[in-house]
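Chains as they are written, first to last, in the working numbering: chain A, 188 to 429; chain B, -14 to 199; chain C, 1153 to 1373; chain D, 145 to 209.
Cβ atoms here follow ideal geometry from the backbone N, Cα and C, with glycine treated the same way.
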């Protein structure tokens, strides 16, 4: 616990993040290359979906990351409120655009996967619908940050929204699943396919790890930018008071 | 009965408003805070009310820090800020009746002045049934100050109470403060210009003394 | 009368007064539902099929519309500072405000919804289900909406932002509310929808006031 | 090993598999580039302020503390 606290001090964070970023970057690139290779060349065709199943190797990890990013936002928001640490709030703020991008990616690849399977670009499948609602939660969170000009108040308000959001996500998921079973006979082909046997699992996990690495790298970049922006704000205010 | 500020530092967002600031109000005492605009007078009052927490230092009410029992502190103080908390759609009497009821809800059964008496005291007798939207700034100010009469609370925090008051209004206010202090009440006021209370302790904000070199 | 009720009464009177939120919300609710037949066509078969969804979506939008002034008016005229000095925890003050919002918008919409059922050709036994579902669902709208109102209290023209923040959170109410009316139309009793609405309300009751009070305290600084 | 063109065909699903990977690549690179650009811009902004040099610039020899 102690060293985490030490890390909460921005200058130490800057140093740590600059040192760690190149290594995570290299590891992520390697994972990504292996993942893509496995997904396109090694993984066997699915007896039902043929090669279209390869879209799953991009769609599923991005859906994972969309949820993971929101979890990071919620934990950082809680930490920010409890320990009153501005760095935690900035972490949540930095994570939001990344989560939103992954959600968008999950929706796009979901549509591309839906087209060959059901002949329509958009399928009101339970998982895809929940991801769409998650996308609006992200937009709301980002919009709230920009709408409140006092930075400290924006941070705490956004933190409350993230916590309210994270409590609601399972409820939304449950209600959308219910809604789905209500209006649509159980579709034979669930989005993530029948049980995934190992030959499909490894590329999925490698791509998942690659996306996670990517998340950490971009998070550290965006977080460093937020820390610097905060220093700029403080310097500017000190100057303005003469 | 006392309100003591110890080595207070107030920060708004990332900027320090004032630092190393102390004040001490005893039973029946009054402290008047003066200083230029933006020197932190309102922040000081909001710290004293507990709306805002000091980043350094603490405020003690009757010996215990207000952070330990915020409920007891905030339900035994009046705060009259720049805004008058008046709903234009309600009548003058309805406005005051609401605040009088909710602010003295369970303050025991001690008899408190009726709304009519409080309005008389503030010179608003004839306007009881008029919708508050037609009040002038000075009259709205008197209605806000009428809360002090309608419900009795030991600590008064007044942010520029004299704003938009005419001479008669000023006199009534001075009278109110004197009466409140004589019955053991405390007052912390932020003021510009004249405030004819000669035995008031004056503290200054926004000058060298206030930025930590005290 | 307790402080809680006194706050509710004042807010309800302000809302029912002229220029208050009630009239606007109910008229908006009626107008929005009336637009659908104009857009989709008058065939009662189609209208009856989409009636629950249309009524619930319109109810969601009408509730959001009347929420952005819930705390903003009090912040701007200084009442919020005074409400924080009342011998009632800020969480309960928030709950009182949400209750007042429900009484001044949720209930009138509830009263008007059978009329909209007629407009959309709902059959007889559906009205009971509609009223029950609206009664169970609209309080959650006021509570979740209250969170949005508190978060955007210091935002100029925060109404649209409020809807963006809150509508995704109201999806469960929409899903189960519509489901309850559908099953009423089909003649089954409420099925699992009403208990689900009740569960959502039970969850929103402690969560919303906590979040609202937290957000309001930020604006009291 | 199947021929290259067969591989590119993706069993007839080429118009879906390749765009999926392409969009993924585009989104990830755009986000990375945008974040790096923001960081660079912020760093320059910080350096332009008279306050003090931004610590993020690796300390060259002879830097005043």
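Anyone know if the C-beta pair for residue 3/B and residue 23/B falls short of 8 Å?
Taking the first residue of the second chain as position 1, residue 3/B is located at position 18. Taking the first residue of the second chain as position 1, residue 23/B is located at position 38. Cβ atoms of residue 3/B and residue 23/B: not closer than 8 Å.
As assigned by DSSP and simplified to three states, the class of residue 107/B:
Residue 107/B sits at position 122 when you count from the first residue of the second chain. Correct three-state label for residue 107/B: coil.
Along chain B, which residues have their Cβ under 7 Å away from the Cβ of residue 338/A?
For this step, residue 338/A is matched to residue 151 along the first chain. In chain order: -2.
Spell out a yes or no on whether the segment 400 to 417 of chain A and the segment 180 to 189 of chain D are touching, meaning 3 or more CB-CB pairs, one atom from each, closer than 8 Å.
Because the criterion of three Cβ pairs below 8 Å is met, the segment 400 to 417 of chain A and the segment 180 to 189 of chain D touch.
Within the continuous beta strand (DSSP E) that includes residue 160/B, where are the two ends?
Position 175 of the second chain, counting from 1, holds the residue named residue 160/B. First-last for residue 160/B: 152 to 167, but that is the alpha helix (DSSP H), not the beta strand (DSSP E).
Selection of the segment 402 to 422 of chain A by Cβ proximity to chain D, strictly under 7 Å:
405, 408, 409, 411, 412, 415, 416, 418, 419 and 422
Kindly indicate which three-state DSSP category residue 171/B falls into: helix, strand or coil?
If you number the second chain from 1, residue 171/B lands on position 186. Residue 171/B: strand per DSSP, three-state reduction.
Would you tell me roughly how many angstroms separate the C-alpha atoms of residue 1332/C and residue 164/D, rounded to the nearest one?
Start at 1 with the first residue of the third chain, and residue 1332/C comes out as number 180. Start at 1 with the first residue of the fourth chain, and residue 164/D comes out as number 20. Taking the straight line joining both Cα atoms gives about 39 Å.
Residue ranges of each alpha helix (DSSP H) run of no fewer than 4 residues wholly in the segment 1163 to 1221 of chain C, ordered along the chain?
1173 to 1192 and 1196 to 1217
DSSP state of residue 192/D, grouped into three classes?
By one-based count along the fourth chain, residue 192/D stands at place 48. Helix.
Identify every residue that forms a DSSP beta bridge with residue 188/B.
For the purposes of this step, residue 188/B is taken as residue 203 along the second chain, with counting starting at 1. In DSSP, residue 188/B forms a bridge with 18/B.
Using 8 Å as the cut-off, can you tell me whether the segment 39 to 57 of chain B makes contact with the segment 173 to 193 of chain B, which would need three or more C-beta pairs spanning the two stretches below that distance?
no
Neighbour-count burial assignment, residue 1347/C, 16 or more Cβ in a 10 Å radius
Locating residue 1347/C in the third chain gives position 195, where the first residue counts as 1. The residue in question, residue 1347/C, is exposed, as its Cβ has fewer than 16 Cβ neighbours within 10 Å.
Counting pairs of beta carbons, one from the segment 1270 to 1280 of chain C and one from the segment 1307 to 1315 of chain C, are three or more of them closer than 8 Å?
no
For residue 414/A, three-class secondary structure by DSSP
Counting from 1 along the first chain, the entry for residue 414/A is found at position 227. Reduced to three states, the DSSP call for residue 414/A is helix.
Straight-line gap, residue 1153/C to residue 259/A (C-alpha atoms, nearest Å)
As a first step, residue 1153/C is located in the third chain; it is residue number 1 there, counting from the start. As a first step, residue 259/A is located in the first chain; it is residue number 72 there, counting from the start. One C-alpha to the other measures close to 46 Å.
Using a Cβ cut-off of 8 Å (strictly closer), state whether residue 193/D contacts chain A.
Sequence index remark: in the fourth chain, residue 193/D carries index 49 (1-based). Answer yes: the Cβ-Cβ gap between residue 193/D and chain A drops below 8 Å somewhere.
For a contact defined as C-beta to C-beta under 7 Å, what are the partners of residue 329/A on chain D?
Counted from its first residue, the first chain places residue 329/A at position 142. Neighbours of residue 329/A on chain D: none; closest Cβ ~14 Å, over 7 Å.
Nearest chain C C-beta to residue 347/A closer than 8 Å, yes or no?
Numbered from its first residue, the first chain carries residue 347/A at position 160. Cβ-Cβ to chain C under 8 Å: yes for residue 347/A.
Which one of 1319/C, 1356/C and 1325/C has the shortest CA to CA distance from residue 1344/C?
Taking the third chain and counting its residues from 1, the one referred to as residue 1344/C is at position 192. The option with the nearest alpha carbon to residue 1344/C is 1325/C.
Closer than 8 Å to chain D by CB, residue 211/A
Sequence index remark: in the first chain, residue 211/A carries index 24 (1-based). Residue-level contact by beta carbon fails for residue 211/A and chain D, as no gap is shorter than 8 Å.
Using CA coordinates, which residue listed in 1282/C, 1299/C and 1315/C is at the minimum distance from residue 327/A?
What you label residue 327/A is simply residue 140 of the first chain in a count that begins at 1. Of the listed residues, the one whose Cα sits closest to residue 327/A is 1315/C.
Which of the three DSSP states, helix, strand or coil, is assigned to residue -7/B?
For the purposes of this step, residue -7/B is taken as the residue at position 8 of the second chain. In the structure shown, residue -7/B sits in a strand (DSSP, three-state: E or B).
When you compare the segment 403 to 411 of chain A with the segment 276 to 283 of chain A, are there three or more beta-carbon pairs, one atom per stretch, that lie closer than 8 Å?
Contact holds: three or more Cβ-Cβ distances are below 8 Å.
Is the beta carbon of residue 71/B closer than 8 Å to that of residue 103/B?
Stepping through the second chain from its first residue, residue 103/B is reached at position 118. Stepping through the second chain from its first residue, residue 71/B is reached at position 86. No. Outside cutoff.
Chain D partners of residue 285/A, CB-CB under 7 Å?
Against the first chain, residue 285/A aligns to sequence position 98. Neighbours of residue 285/A on chain D, chain order: 175.
Candidates 222/A, 255/A and 239/A, of which the one nearest residue 305/A by Cα:
As a position in the first chain, residue 305/A is number 118, starting the count at 1. Residue 305/A has its Cα closest to that of 239/A, out of 222/A, 255/A and 239/A.
Is there contact between the segment 291 to 300 of chain A and the segment 238 to 254 of chain A, where contact requires at least three CB pairs shorter than 8 Å?
Result yes; three or more Cβ-Cβ pairs closer than 8 Å.
In three-state terms, what does DSSP make of residue 162/D?
Position 18 of the fourth chain, counted from the start, is the residue given in the question as residue 162/D. Residue 162/D falls in the helix class under three-state DSSP.
Checking contacts by CB at 8 Å: is residue 373/A closer than that to chain D?
As a position in the first chain, residue 373/A is number 186, starting the count at 1. Here the model assigns residue 373/A a pLDDT of 47, short of 50, so the residue's position is not dependable and the matter cannot be decided.
Where the beta strand (DSSP E) through residue 207/A begins and ends
Translated into the one-based positions of the first chain, residue 207/A becomes position 20. Here residue 207/A belongs to no beta strand (DSSP E); instead the alpha helix (DSSP H) covers 197 to 224.
First and last residue of the uninterrupted beta strand (DSSP E) at residue 1/B
Along the second chain, one-based indexing puts residue 1/B at 16. 0 to 11 is the extent of the beta strand (DSSP E) around residue 1/B.
I want to see whether chain C comes within less than 8 Å of residue 109/B, judged by CB atoms only; does it?
What you label residue 109/B is simply residue 124 of the second chain in a count that begins at 1. With a threshold of 8 Å between beta carbons, residue 109/B makes no contact with chain C.
From 218/A, 316/A and 286/A, residue whose alpha carbon lies closest to that of residue 298/A:
Here residue 298/A refers to the residue found at position 111 of the first chain. Among 218/A, 316/A and 286/A, the Cα nearest to that of residue 298/A belongs to 316/A.
If we ignore side chains and look at the alpha-carbon of each, how far apart do residue 374/A and residue 1369/C end up?
Numbered from 1 along the first chain, position 187 holds the residue referred to as residue 374/A. Numbered from 1 along the third chain, position 217 holds the residue referred to as residue 1369/C. Reliability fails at residue 374/A, whose pLDDT of 46 lies under 50, so the model's placement of it is uncertain and no value is given.
Is the Cβ of residue 1307/C closer than 8 Å to any Cβ of chain A?
The residue you call residue 1307/C lines up with position 155 of the third chain. Proximity of residue 1307/C to chain A, defined by a Cβ-Cβ separation below 8 Å, is satisfied.
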